[in-house]
Each structure stands twice: as structure tokens, then as C-alpha cells.
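**Q** Residues 375 to 869 (my numbering) make up the sequence shown, in order. Built from N, CA and C at the ideal position, the CB exists for glycine as well.
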Amino acid sequence: MLSQDQQQHNWKPIVREFEAIVGKNNVIQRREELIVYECDGLTSYRQRPAVVVLPRTTEQVAAIVKICNKYCVPFIARGSGTGLSGGALPVVNSVLIVTSLMRKILKVDLENQRVIVQPGVINSWVTQAVSGAGFYYAPDPSSQIICSIGGNVAENSGGVHCLKYGVTTNHVLGLKIVTPDGSVVDLGGEISETPGYDLTGVFVGSEGTLGIATEITLRILKAAESVCVLLADFTSIEAAGASVSDIISAGIIPGGMEIMDNLSINAVEDVTALNVYPRDAAAILLIEIDGLEVEVAANKQRVVEICKQNGARNVTSASDPEQRLKLWKGRKAAFAAAGYLSPDYYVQDGVIPRTQLPYVLREIEALSQKYGYRIANVFHAGDGNLHPLILYDNSVAGALEKVEELGGEILKLCVKVGGSISGEHGIGADKKCYMSEMFTAADLETMQWVRQVFNPKGLANPEKIFPTLRTCGETAKAMSEVKKKFAGMEKVELF
């Protein structure tokens with residue numbers, strides 16, 4: 375790769391080539407304009423790109439990437455910038471390829487239950503495009519009114535309904551991608567099963583390290599005959615967690631189950647003034663049941679019984695669409711509302727087995743006391759995907775470092791009980807140092823082989839997902855042992 379001095383010296387001809395592809399108005403270079411793109415939703419990490427390019431078509435993306443490949447310039451794809459792990463964070467002297475102008479819904483095929491979109495299409499637009507015909511797109515991150523499908527594919531995003539219907543990878547049939555050398559490749563297709571390796575599955579969740587998706591074929595679902603949302607409030611968050619395990623153990627798979635603790639409840643009510651969440655509850659559990667009308671009625675009765683057995687004070691229900699939306703609105707606003715609790719917050723994204731919910735929640739509270747920072751808990755309880763929001767003030771010297779350390783302890787706790795360091799936010803720049811907590815050095819080496827097949831020069835979203843020598847000392851030591859073991863074998867360098 376070129377040195378920084380060489381890259382700086384060569385920007386003028388590179389920019390001229392970009393302008394020839396997308397026009398001068400779609401190439402951003404001015405320092406003050408680049409500030410907008412120096413971070414994603416994880417604002418504690420910042421780095422301005424050298425250039426931002428906004429393409430509109432697959433052909434333009436391919437041409438841009440070919441130029442980056444020719445000059446050995448690193449590039450990062452970015453959608454709406456709502457990611458929470460630093461996945462779209464630029465690196466020094468990099469090109470940011472922003473897909474926000476690629477917002478066309480290219481094809482709606484209701485008969486075969488699929489939609490083809492460009493990566494800049496907003497998540498909620500997909501459902502809006504097909505809801506009139508009785509269909510919807512299941513993955514629904516909290517940021518669904520602004521996050522883009524391309525970003526959802528990169529991070530394998532989930533949402534409220536991932537418990538029953540799965541995350542993004544379960545709803546992507548095929549992809550048109552631009553590889554890091556600028557080639558255009560089709561993965562998967564418009565049918566559920568295709569022969570050969572599942573390269574679609576490999577690409578979804580690869581966080582931009584294998585290329586850029588420019589067309590995405592999505593599976594859409596028929597809306598359920600009946601839907602009911604229950605709200606149960608508890609005097610302890612552990613009781614809410616126990617109810618989650620008991621509901622699943624009873625053979626009931628709700629469309630979604632979400633827990634909010636007292637801090638989150640009051641923040642949401644302060645901001646939204648919905649007057650639907652009891653402010654004195656230690657925790658609330660939102661449960662959505664969907665399916666045939668008779669099935670929903672039977673499951674609703676059983677869920678109410680389980681919640682009462684676990685100490686729920688009240689269980690209210692809503693079947694009217696407007697009332698259901700009102701109950702969910704507070705949960706969707708929880709991250710934004712946390713901004714009213716504290717000048718800053720740091721969110722994590724660990725996953726644990728459902729049966730470990732009561733124990734892990736107690737441990738998180740103990741960590742909160744140990745480090746002296748309040749933690750608001752909002753999470754996808756059904757699949758154990760925790761979102762602890764650590765509240766702090768970044769203007770206090772050393773606060774961010776302590777909060778990051780606390781977040782790391784929560785991730786280690788998740789792995790200790792048999793869970794994962796990410797459920798839907800991705801690894802990005804934020805969690806790469808914790809990959810060795812979950813994977814052995816040999817595991818990480820194998821993943822690197824996959825990346826090198828697609829991305830041999832390391833130009834596509836470098837310094838993401840995998841621990842590096844510069845940033846992760848313990849992991850670097852373990853990886854160096856693997857490199858010694860494989861010394862002399864014909865293979866590419868790890869870093």
C-alpha cells in the first residue's frame with residue numbers, strides 16, 4: 375500500500391477520475407463538509423476521510439472501486455451512518471463510498487414474495503412499499519426509519535421481530551456485489567436455495583470487508599391474521615427475565631419480546647409522554663403474539679398466566695393497530711431517550727442464553743456499582759440480545775476509557791455464560807479487541823483466509839472486525855504464535 379505522503383500527493387488525479395464518473399457535485403473534498411462523515415453512530419471514534427464519493431448505480435460503484443484498487447487506496451462503504459460499532463469509520467487517507475443516493479426499489483414481486491432494492495433504501499420503506507398488499511419486511515432495527523438496507527446487510531441487523539423471524543441473513547435471497555478489485559458478481563438469486571457455496575450467507579454480516587452490495591433481493595412475508603401486544607410490569611427485572619424463559623419453555627414463540635428497566639421506562643416517558651409505561655415498575659416486558667386468530671387467543675391466555683406466576687403486577691393488551699404501535703413506540707425511542715438521561719452514553723450489544731438472563735442482569739448491576747456508572751437496560755429479551763446503555767459524561771477526563779473498560783467486562787461476561795460479543799451491531803472498530811475472548815487464534819486465522827480471498831490487498835474496510843498488532847496486545851501475541859506455526863507455508867500475511 376502507498377505511504378501517506380504518496381497518497382496525499384496523488385489525490386488530485388484520483389479525484390478527477392472520481393468526478394468523471396459521478397460528477398463534481400457528488401465528490402466531497404472540502405474539510406468542513408467531510409466532518410459529517412468522520413464517524414457513524416459510535417461518535418467516540420472519529421477520522422475524516424480524504425474524499426467522499428456518492429454513486430447512484432452499480433456501474434459507478436464498480437468504477438470507483440477500480441480506481442481505489444489501481445491506486446491502492448483504502449475504501450469504506452457507508453449507508454445512513456447509524457451503525458453503533460464504528461463499522462463505517464474511515465481510516466487515514468481513505469475514500470468513503472456513500473450509498474445514500476442509491477435509493478431505488480428496483481422490483482416488487484408479490485407473487486414470489488420478494489423485493490429487489492438498492493443499498494440506500496431505508497429499512498421501513500420496504501414494508502411501506504408492500505403493506506398495501508398485505509406483506510411486510512420482518513427485520514426491524516430500532517433505527518428502521520433511517521437505517522439503510524445496505525448497512526443492515528453489512529451488519530446482519532436484527533430488531534424486535536428477530537426472535538421468531540430471524541435477522542437480516544434469513545431474509546436475503548441474493549446480492550449483486552462489487553468486489554474489492556471492482557468486479558461485479560451475483561451471489562445467490564431470486565429463489566430460496568441455489569447450488570454451490572452459500573456465499574450470500576458469507577457476505578451478509580461481513581461488515582464491508584468483502585465488497586459492497588449494490589442490489590439486494592429480499593424476502594417479504596405475508597402479514598399475520600391476528601396480532602396482539604401484551605405489556606407486563608414487574609417489581610424486579612429478574613422476574614421479567616424469568617418470564618421470558620418460561621414463555622419459550624412453554625413452546626410459545628412470540629413475534630418479539632423486549633425488556634426495559636426503570637431507567638429506560640422513565641426516560642421514554644419523559645421524552646415521548648406516551649403515558650403507557652408504569653413509571654414505578656422495575657421493568658416492563660413487551661410481548662407480541664401473532665398468527666391465526668385462534669392461536670393468538672390461546673397463547674395470549676397462557677402468556678398472561680406465566681407473567682402472573684412470575685410476579686407481574688399487571689398485564690395489559692392491545693390488538694388495535696394504533697394501540698399496538700403506541701406500545702412499541704416507546705421501545706423504539708429508548709436509545710434516543712437515553713440522551714436525556716446523560717450527556718453521553720455507550721451502548722453494547724452482547725448475547726446470552728435466555729436461561730442466564732437473571733444472573734447476567736444481576737452481574738451487570740454489580741459492574742455498574744463497581745465502576746460507578748448508571749446502566750440502562752433495553753434489550754431483545756427473547757433471543758438474549760442485551761443492549762446495556764452505560765451513562766457517562768465525556769467531558770470528564772478519563773470517563774470514556776473507564777466506560778469502554780466496563781463495556782468490555784460486560785462482553786466478557788456474555789462470553790463466559792456461553793453467549794456472544796455481538797448480536798446485531800457488528801464488531802467494527804469497537805469490539806475487535808474482544809474477538810479473542812470468543813474465538814481461538816486458529817479460528818481468527820481461518821476467518822482471515824476468507825477475507826483474503828475476496829480482499830487480498832486489504833483495501834475494503836481495513837482495520838475492522840479483526841484484532842490488529844497495533845491495538846490489541848494480547849490478541850496480537852496469540853496471533854503471532856499462529857504465524858510462527860504456519861511459517862513457510864504459502865499464504866498471505868495476516869495483517
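First and last residue of the beta strand (DSSP E) that includes GLY562?
**A** Segment 558-562, the beta strand (DSSP E) holding GLY562.
**Q** May I ask you to verify whether the segment 720-730 touches the segment 495-506, counting CB pairs closer than 8 angstroms and requiring at least 3?
**A** Too few Cβ pairs lie closer than 8 angstroms, so no.
**Q** Give a yes or no on whether the C-beta atoms belonging to ASN673 and ILE658 are separated by under 9 angstroms.
**A** In this structure, ILE658 does not lie closer than 9 angstroms to ASN673 by Cβ.
**Q** Please tell me whether GLY756 and ILE622 are closer than 9 angstroms, where the distance is taken between their beta carbons.
**A** A contact, by the Cβ cut-off of 9 angstroms.
**Q** Among LEU760, LEU584 and LYS550, whose alpha-carbon lies nearest the alpha-carbon of ASP635?
**A** The shortest C-alpha separation from ASP635 is found at LEU760.
**Q** Compare the Cα-Cα distances from VAL425 to each of ALA598, GLY746, VAL469 and GLY665 and report the closest residue.
**A** Checking every option, the nearest Cα to that of VAL425 belongs to VAL469.
**Q** From the DSSP output, in three-state form, read off ASP654 for me.
**A** If DSSP states are grouped into helix, strand and coil, ASP654 belongs with coil.
**Q** Please report how far the alpha carbon of PHE392 lies from the alpha carbon of VAL734, in whole angstroms.
**A** About 50 angstroms.
**Q** Is the separation between the beta-carbon of MET631 and that of HIS545 shorter than 9 angstroms?
**A** No.
**Q** Is LEU547 near ARG488, with beta carbons less than 9 angstroms apart?
**A** Against a cut-off of 9 angstroms, the Cβ pair of ARG488 and LEU547 comes out as a contact.
**Q** Between the Cα of ASN443 and those of LEU765, PRO841, ILE839 and ALA834, spot the shortest distance and give me the residue it belongs to.
**A** Checked all of LEU765, PRO841, ILE839 and ALA834; the closest Cα to ASN443 is ALA834.
**Q** Three Cβ pairs or more, each shorter than 8 angstroms: is that satisfied between the segment 587-604 and the segment 524-538?
**A** In short, these stretches touch, since the Cβ pair count reaches three.
**Q** Can you name the residues that DSSP bridges to PRO762?
**A** DSSP, once it has assigned bridges, lists ASN751 as partnering PRO762.
**Q** Using only the heavy atoms of the ligand NAP, determine whether one of them is closer than 8 angstroms to the beta carbon of LEU428.
**A** Of the ligands one can find in the structure shown there are none, so the ligand NAP has no counterpart to examine.
**Q** What does a CB cutoff of less than 7 angstroms around VAL541 pick up in its chain, not counting 5 residues either side in sequence?
**A** Taken in chain order, the residues that qualify are PRO513, ASN530, SER531, GLY532 and GLU798.
**Q** Does DSSP put PHE449 in a helix, in a strand, or in coil?
**A** PHE449: strand per DSSP, three-state reduction.
**Q** Please look up how many angstroms separate the CB atoms of ALA803 and GLU837, rounded, as I've assumed it's under 8 angstroms.
**A** Confirmed, Cβ separation roughly 7 angstroms.
**Q** So which of THR574, SER566 and ALA656 has the shortest CA-CA distance to ALA606?
**A** ALA606 has its Cα closest to that of ALA656, out of THR574, SER566 and ALA656.
**Q** What do you reckon, are the CB atoms on GLY704 and LEU648 nearer than 9 angstroms?
**A** For GLY704 and LEU648, yes; Cβs fall inside 9 angstroms.
**Q** Using the beta-carbon count (16 or more within 10 Å), is ARG825 buried or exposed?
**A** It counts as buried.
**Q** If you reduce the DSSP assignment to three classes, tell me which class GLU848 lands in.
**A** With a pLDDT of 47 at GLU848, under the threshold of 50, the modelled position of that residue is not reliable, and no figure is offered here.
**Q** Using the C-alpha atoms, what's the distance from THR432 back to LYS550?
**A** Cα to Cα, LYS550 sits roughly 8 angstroms from THR432.
**Q** Does PRO387 pass the burial test, meaning 16 or more other C-beta atoms within 10 Å, or should it be called exposed?
**A** So PRO387 ends up on the exposed side.
**Q** For TRP385, does the three-state DSSP call read helix, strand or coil?
**A** The answer is helix: DSSP assigns TRP385 an H, G or I state.
**Q** Out of ILE565, ALA707 and ALA528, which has the shortest C-alpha to C-alpha gap to GLU485?
**A** The candidate whose alpha carbon is nearest that of GLU485 is ILE565.
**Q** Any beta carbon from chain D within less than 9 angstroms of THR473's own beta carbon?
**A** Chain labels in this structure do not include chain D; a single protein chain is all it has.
**Q** Quick check on the DSSP output: what are the complete alpha helix (DSSP H) runs of length 4 or more inside the segment 553-631, in order along the chain?
**A** Entirely contained in the segment 553-631, the alpha helix (DSSP H) runs reaching 4 residues are, in chain order, 573-577 and 611-623.
**Q** Determine the direct distance from the alpha carbon of LEU660 to that of LYS700, and round the result to whole angstroms.
**A** Their backbone Cα atoms lie some 12 angstroms apart in a straight line.
**Q** Which complete beta strand (DSSP E) runs does the segment 426-484 hold, if anything under 3 residues is left out?
**A** Runs of the beta strand (DSSP E) inside the segment 426-484: 449-452, 469-472 and 479-483.
**Q** Strictly by DSSP, which residues pair up with ALA692?
**A** Answer is VAL603.
**Q** Does the beta-carbon distance from ALA750 to ALA641 come in below 9 angstroms?
**A** Yes; because the gap between Cβ atoms is below 9 angstroms, this pair is in contact.
**Q** Using the three-state DSSP reduction, which class does ALA740 fall into: helix, strand or coil?
**A** It is helical.
**Q** Starting from the C-beta of GLY758, find all residues in its chain whose C-beta is less than 7 angstroms away, skip the five residues before and the five after it, and write them out in chain order.
**A** Excluding residues within five positions, the ones whose Cβ falls inside 7 angstroms are VAL725, ILE726, PRO727, ARG728, LEU731 and GLY793.
**Q** Does DSSP put ALA816 in a helix, in a strand, or in coil?
**A** Looking at ALA816 - three-state DSSP - the assignment turns out to be helix.
**Q** Could you give the DSSP three-state label for GLY756: helix, strand or coil?
**A** The answer is helix: DSSP assigns GLY756 an H, G or I state.
**Q** Using the Cα positions of ALA710 and PRO569, report the straight-line distance between them to the nearest angstrom.
**A** Answer to the nearest angstrom: the Cα atoms are 44 angstroms apart.
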